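For the sequence shown, our numbering begins at 246 and goes up steadily by one. Everything on this sheet refers to the single structure shown next.
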Amino acid sequence: MKNNISRIFKISVVLFVIGIIAIGLYFVGSPQQARMKKFDKQKISDLQRLSHFIDGYYRENEKLPDKLEELKQNKPNLSITDPQTNRKYQYEKIKNRQYKLCAEFNNSQTESKRYYPTPRREEKWNYQQGESCFELKVRDVG
């Protein structure tokens, strides 16, 4: 009898611990999900920095750079590659002051779920899972 109670207690404790872990993973997410969100956050940060330096390049040269590598001449530590895939971020000139930056994202991010600081720029940095592009325009100073 005592042995049965001990066994039931042990099983109850194990089930309780498993339940707590499952609830934690449900609300917090798995370590893999957290890692993917961290990659997405870094990609947005990189694209925002690139946009800032593209604006500066335009003001100095009165034209958009032909390639992102041109920005690295004055900023060697500037990241132009995706930290997850090590592929270069996509950049395309559209018009005189307009350009597009693209990256591959692991998740979708909408304004209501933003986990990175709101940028100084007025552009929206929302994205969908997979490839997302941001059409941007060189900002005027002041």
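Glycine included, every Cβ here is placed at the ideal spot set by N, Cα and C. Since this is a predicted model, take the numbers as computed values, not measurements.
Extent of the continuous beta strand (DSSP E) run through residue 343: Note, residue 343: beta strand (DSSP E), 343-350.
Using only CA atoms, which one of 282, 384 and 316 lies nearest to residue 462? Outside the modelled stretch of the chain, which goes from 246 to 387, sits residue 462, for which no answer is possible.
Check this for me: beta carbons of residue 292 and residue 334, under 8 Å apart or not? Yes; because the gap between Cβ atoms is below 8 Å, this pair is in contact.
Residue 376, enclosing beta strand (DSSP E) - first and last residue: If you look at residue 376, you'll find it in the beta strand (DSSP E) that goes 375-382.
Drop a sphere of 10 angstroms on the beta-carbon of residue 359, count the other beta-carbons inside from all chains shown, and report buried for 16 or more, exposed for fewer. Reliability fails at residue 359, whose pLDDT of 46 lies under 50, so the model's placement of it is uncertain and the value that follows must be treated cautiously. In summary, residue 359 is exposed, with fewer than 16 beta-carbon neighbours lying within 10 Å of its beta-carbon over all protein chains present.
Where residue 277 and residue 352 are concerned, what is the direct C-alpha to C-alpha distance, given to the nearest angstrom? Approximately 12 Å, taken between the alpha carbons.
Proximity winner among 342, 384 and 287, relative to residue 329 (alpha-carbon distances): Checking every option, the nearest Cα to that of residue 329 belongs to 287.
Taking the C-alpha atoms as reference points, what is the distance between residue 311 and residue 280? The C-alpha of residue 311 lies about 33 Å from the C-alpha of residue 280.
Along the chain, where does the alpha helix (DSSP H) containing residue 282 start, and where does it finish? For residue 282, the uninterrupted alpha helix (DSSP H) segment begins and ends at 276-306.
Roughly how many angstroms separate the alpha carbons of residue 318 and residue 302, rounded to a whole number? Approximately 11 Å between the Cα atoms of the pair.
Give a yes or no on whether the C-beta atoms belonging to residue 309 and residue 338 are separated by under 8 Å. Annotated as proximal: residue 309 and residue 338, with beta-carbon spacing under 8 Å.
Which whole-angstrom value is the C-beta distance of residue 314 and residue 325, which I expect to be below 8 Å? Between residue 314 and residue 325 a beta carbon distance of about 7 Å is seen, short of the 8 Å cut, so the two are scored as contacting.
Between the alpha carbons of residue 258 and residue 375, how many angstroms are there, rounded? So the two alpha carbons sit approximately 42 Å from each other.
Between which two residues does the beta strand (DSSP E) containing residue 333 stretch? Per DSSP, residue 333 lies in no beta strand (DSSP E) segment and is marked neither H nor E.
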